Amino acid sequence: MKHSLWVLSLAAVLPFTASAQDASREAREIIEAVNARNDGAYVSRDATFELTDRRGITRVEKTTGYRKYFGDEKRTVIFYTEPSNVRGTGFLTWDYPDIDAEDDQWLYLPALGKVRRISASDRGDYFLGTDLTYEEIKKENKIEIDDYNFSLLGESEVDGAAVVEIEAIPVNETVARELGYSRIVLSIDPQIQMSRHSEYWDVNGNRLKTIHNGNIEQIDGIWTVTEVNVINHKTDHRTRLLFENIDYETEVPDRTFNRQMLERGLR
413 MKHSLWVLSL AAVLPFTASA QDASREAREI IEAVNARNDG AYVSRDATFE
463 LTDRRGITRV EKTTGYRKYF GDEKRTVIFY TEPSNVRGTG FLTWDYPDID
513 AEDDQWLYLP ALGKVRRISA SDRGDYFLGT DLTYEEIKKE NKIEIDDYNF
563 SLLGESEVDG AAVVEIEAIP VNETVARELG YSRIVLSIDP QIQMSRHSEY
613 WDVNGNRLKT IHNGNIEQID GIWTVTEVNV INHKTDHRTR LLFENIDYET
663 EVPDRTFNRQ MLERGLR
């Protein structure tokens, strides 16, 4: 598991250098610090998804999820518990540290009674009716650093906190189409090594969506987002994600993260 040994301050990155190469390197170092942020050796938590369409009709879904590090490899599993028509649906991901290894992701749909593998080319698809992609569910506020080129844009403020604005551009067209984005602007709070707000543009350069991380607090000494609000500007669909019963102290058994458990569920 990667742990950050320092907290990057604004003074470390501002004022920006005149060199574009230096600015790019500084931006990448900030993202590296975000990815190295301590997020616990394991965690269990409940989550509520509130999905609201353009007519204002809201659907509520509830899940229970677990995450655990196996060395530098991260495994995550999510089980749907409500409503009844999605109960038993499960999503399992093994996120490998080796950039040349394709991460393993599986989706279990009880109505079909089988597990479907999610390939890397599908990682930009939206996750089960939400406005978050499979990649974003897997990464949990962290970023696959080799997917992007980064640059510093300046500084601003989000929710009263000073942030550094970083632009992320996919390294090539293939990655852009896999992720579904041509550009992202991340508002990184260096004091907590986390994005507070991010804006996304689709592969055609049109404004696509906004993700806002709210109610960031320390739980068991770990900075934690307890509310995520996503707006899809194309469809006017919204996702509100609320986390509760967050526990970083109770160890999660290894067997929780295998395909057999994915099919069996929480019963």
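Residue numbers for the sequence shown follow the numbering used here, beginning at 413 and rising by one.
Note that the Cβ used here is the ideal one computed from N, Cα and C, for glycine as well.
Quick caveat: nothing in here was measured; it's all calculated off a predicted structure.
Sorted by chain position, which residues of the same chain lie with C-beta nearer than 7 Å to residue i's C-beta, five sequence neighbours on each side aside?
i    : result
T662 : S456
T460 : V472, K474 and L654
E590 : A532, S533, R535 and G536
R499 : Y492 and T493
L598 : I578, A580, S607 and S610
Please determine, among the options, the residue with the shortest C-alpha to C-alpha distance to residue i.
i    : options                   : result
Y508 : E494, S496, A532 and L524 : A532
E639 : D516, Q517 and T651       : T651
L504 : I549, N447, P495 and Y593 : I549
I634 : D451, E438 and D659       : D451
D534 : V575, E514 and P602       : E514
E656 : V587, Q672, H649 and Q630 : Q630
F539 : L463, D512 and S568       : L463
D512 : G500, G483 and D559       : D559
V575 : V446, K480 and R437       : V446
W518 : N497, V489 and K551       : V489
Tell me the rounded alpha-carbon separation between residue i and residue j.
i    : j    : result
D632 : A453 : 12 Å
V637 : E444 : 19 Å
Y612 : D465 : 19 Å
D458 : G541 : 18 Å
A435 : I555 : 18 Å
S416 : P495 : Since pLDDT at S416 reaches only 37, below the 50 mark, its modelled position is unreliable, and no value is offered.
G536 : E579 : 19 Å
E577 : P522 : 42 Å
T622 : S610 : 6 Å
Q672 : D666 : 12 Å
I596 : L524 : 36 Å
N584 : T493 : 39 Å
Q433 : D516 : 34 Å
N561 : N553 : 17 Å
I643 : L565 : 23 Å
T476 : S431 : 47 Å
R467 : R437 : 44 Å
K551 : W506 : 11 Å
N497 : N641 : 24 Å
One question on the structure: do residue i and residue j come within less than 8 Å of each other, judged by their Cβ atoms?
i    : j    : result
F491 : G677 : yes
R608 : H645 : no
I658 : I628 : no
I442 : P602 : yes
I530 : Y546 : yes
H624 : D543 : no
T647 : Y478 : no
V615 : G592 : yes
A439 : S563 : yes
A573 : P582 : no
V664 : K480 : yes
Note down, in chain order, each residue of its chain lying with its Cβ closer than 8 Å to the Cβ of residue i, except the 5 sequence neighbours on either side.
i    : result
E675 : G502, Y520 and V527
L426 : At L426, the pLDDT of 49 sits below 50, so the modelled position is not reliable; the number obtained from the coordinates is stated separately. Contacts found: E567 and V576.
M606 : V446, R449, N553, I600, N625, I628, W635 and V637
Please check if any C-beta of chain C sits within less than 8 Å of the C-beta of residue i.
i    : result
E639 : Absent from the structure is chain C; it holds one protein chain and no more.
Can you give me the Cβ contacts of residue i inside the same chain, cut-off strictly under 6 Å, excluding the 5 residues immediately before and after it?
i    : result
Y660 : G452, V455, D632 and I634
N670 : none
D484 : P509
S594 : A588, W613, V615 and G617
T586 : none
F482 : none
Those runs of the beta strand (DSSP E) which lie wholly inside the region 546-626 and span at least 3 residues
The beta strand (DSSP E) runs lying completely inside the region 546-626 and spanning 3 residues or more are 560-570, 573-582, 595-601 and 606-613, given in chain order.
May I have a chain-ordered list of the beta strand (DSSP E) segments no shorter than 3 residues that lie completely inside the region 459-537?
470-482, 485-494, 502-507, 516-521 and 526-529, all fully within the region 459-537.
My parser needs the alpha helix (DSSP H) runs of 4 or more residues fully inside the region 627-669; what are they?
DSSP runs (the alpha helix (DSSP H)) wholly in the region 627-669: none.
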